[in-house]
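Comments concern the structure below.
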Amino acid sequence: MFGVIVNPVSGGGKKQEALKKIEALILERGDEMRLFPTEAEGDGDRQARLALESGCDAVVCVGGDGTLSEVVDAMAGSGKTLYIVPSGTGNDFARAFGLPKDPVEAFRAQLDGEEAAIDCGSLNGRAFINVSGSGFDVEVLRKTEELKAVYPGEQAYTKAVLAVLSSYKAFETEISLDGGEFKPYKGTIVEIANGQYFGGGMLVAPRSSFQDGVFDVVTVDKVPRMVIPFLLPLFKLGLHVHLPIARVVRAKEVVLRAKGMVINIDGNLKEMDEARYCVMPGALRVRLPKK
1 MFGVIVNPVS GGGKKQEALK KIEALILERG DEMRLFPTEA EGDGDRQARL ALESGCDAVV
61 CVGGDGTLSE VVDAMAGSGK TLYIVPSGTG NDFARAFGLP KDPVEAFRAQ LDGEEAAIDC
121 GSLNGRAFIN VSGSGFDVEV LRKTEELKAV YPGEQAYTKA VLAVLSSYKA FETEISLDGG
181 EFKPYKGTIV EIANGQYFGG GMLVAPRSSF QDGVFDVVTV DKVPRMVIPF LLPLFKLGLH
241 VHLPIARVVR AKEVVLRAKG MVINIDGNLK EMDEARYCVM PGALRVRLPK K
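Letter by letter, the sequence shown follows residues 1 to 291 of my numbering.
Here's what the structure looks like:
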């Protein structure tokens, strides 16, 4: 039986139509479907656990990156298969995963795909799937939430960048890699990447893989605030990693610490004084989409 995690309110008629088609695909294969509706932020985790406790053999996450991250926290290490149906604003992990933009076609591609195990990240014991970190992107995400009701995903992100430039301050933290000593860092962003994209299509970690057992840790040094808009096209193409202000290192464990820092976790924002990351190799069972 497939357990389908979905917000029945968001998305309106389009999402309802997609759900009908997803159910038809499941029934065609002689299986059953049960809905597990979310009602508030954080509900994806609870509903996914309920689906597993109810005996579902697979879980289908219909939503954006934030909902997907919540569901992954429940699914990691469960041995059950997760199907990803992108229907959010950014859908950044789905982009790296190679899924079609159409939700129904994305589900179909996975049904016809091959079983695989992919990595997750763990942040203070909570699983995540894509990119986590802090810096300029945190303020942009806050503003994007305000603007995405007016502008589509990528456009909302770009508008948000311009809106928060006037209050931009460098992010200060201490970083430890793979148990090494803590080193102070002051820069624009620090991102711990299991996936490749964030911010609605920004290619922050172009060489990252969810099957290599390591994070790509991306840092970009402090730059004058008016330079940031000119960096955006480079982020879009993943070319920022070739600039002298950027560095990419690989690590299995990362610790950030700073009083009251706000961390982006797959698009969700949480405040903490210490962020302890470790890779969870092959912790999530999925079906790689058929090309």
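By construction, the Cβ of each residue, glycine as well, lies at the ideal position given by its N, Cα and C atoms.
Please read all numbers here as calculations on a predicted model, not as lab measurements.
Would you kindly check if the distance between the Cβ of A24 and the Cβ of P289 is under 8 Å?
-> Cβ distance not < 8 Å, so P289 and A24 don't count as in contact.
Going by C-alpha distance, which of R285, R95, K222, F182 is nearest A170?
-> K222
Meets three-Cβ-pair contact criterion under 8 Å: the region 45-57 and the region 250-261 = no
Whole-angstrom Cβ separation of E70 and D45, contact assumed at under 8 Å?
-> Between D45 and E70 the Cβ distance is about 4 Å, and since that is below 8 Å, they are a contact.
When DSSP labels each residue in this structure, what does F182 get in the three-state scheme?
-> coil
Pick from N194, K21, T89: whose alpha carbon is nearest that of K148?
-> T89
Look at the alpha carbon of Q47 and the alpha carbon of V227, and state the distance between them as a whole number of angstroms.
-> One C-alpha to the other measures close to 43 Å.
For Y307, the three-state DSSP class (helix, strand or coil) = The displayed coordinates of the chain run from 1 to 291. Any statement about residue 307 would go beyond what the structure contains.
Would you kindly work out how many angstroms separate the C-alpha atoms of F235 and G199, rounded to a whole number?
-> 10 Å
With distances taken Cα to Cα, identify the nearest neighbour of S87 among A205, G187, V6, S208.
-> Checking every option, the nearest Cα to that of S87 belongs to V6.
Excluding the 5 residues preceding and the 5 following G292 in the sequence, name in chain order all residues of the same chain whose CB lies nearer than 6 Å to its CB.
-> The structure shown does not extend to residue 292, since the chain is modelled only from 1 through 291, so no value can be given for it.
Can you name the residues that DSSP bridges to F198?
-> Paired residue(s): M202.
Can G135 and V190 be called in contact, C-beta distance under 8 Å?
-> yes
Whole-number beta carbon distance between V4 and V62, since they are thought to touch under 8 Å = About 6 Å separates the two Cβ atoms, so the contact holds.
Taking the CB atoms as reference points, tell me whether F215 and A193 lie closer together than 8 Å.
-> yes
Can the beta-carbon of Y277 be found less than 8 Å from the beta-carbon of V254?
-> yes
Grab the span of the beta strand (DSSP E) containing R287 for me, first residue to last.
-> Residues 268-288.
Which partner residues does I189 have in the DSSP bridge list?
-> Answer is G135, V220, bridged to I189.
Over what stretch of residues does the beta strand (DSSP E) that includes G44 continue unbroken?
-> Taken as a continuous stretch (DSSP letters only), G44 belongs to no beta strand (DSSP E), being part of the alpha helix (DSSP H) at 43-53.
Identified DSSP bridge partners for S122 = A127, C278
Cα-Cα, which of K21, V217, E39, I118 is closest to R285?
-> Closest in C-alpha terms to R285, from the list K21, V217, E39, I118, comes I118.
From this set, Y197, N124, K291, which residue's C-alpha is nearest A275's C-alpha?
-> N124
Below 8 Å on the Cβ atoms is my guess for K183 versus E172; work out the distance and round it to an integer in Å.
-> The pair is not a contact, with the Cβ atoms about 12 Å apart (cut-off 8 Å).
Which value, in whole angstroms, describes the spacing of the CA atoms of A40 and P244?
-> 42 Å
Return helix, strand or coil for M33, following the three-state DSSP convention.
-> Strand at M33.
Put L82 into one of helix, strand or coil per three-state DSSP.
-> Per DSSP, reduced to three states, the secondary structure at L82 is strand.
Taking Cβ positions, are A251 and V204 nearer each other than 8 Å?
-> No, the pair does not count as a contact, with Cβ atoms beyond the cut-off.
Determine the direct distance from the alpha carbon of Y168 to that of K143, and round the result to whole angstroms.
-> 13 Å
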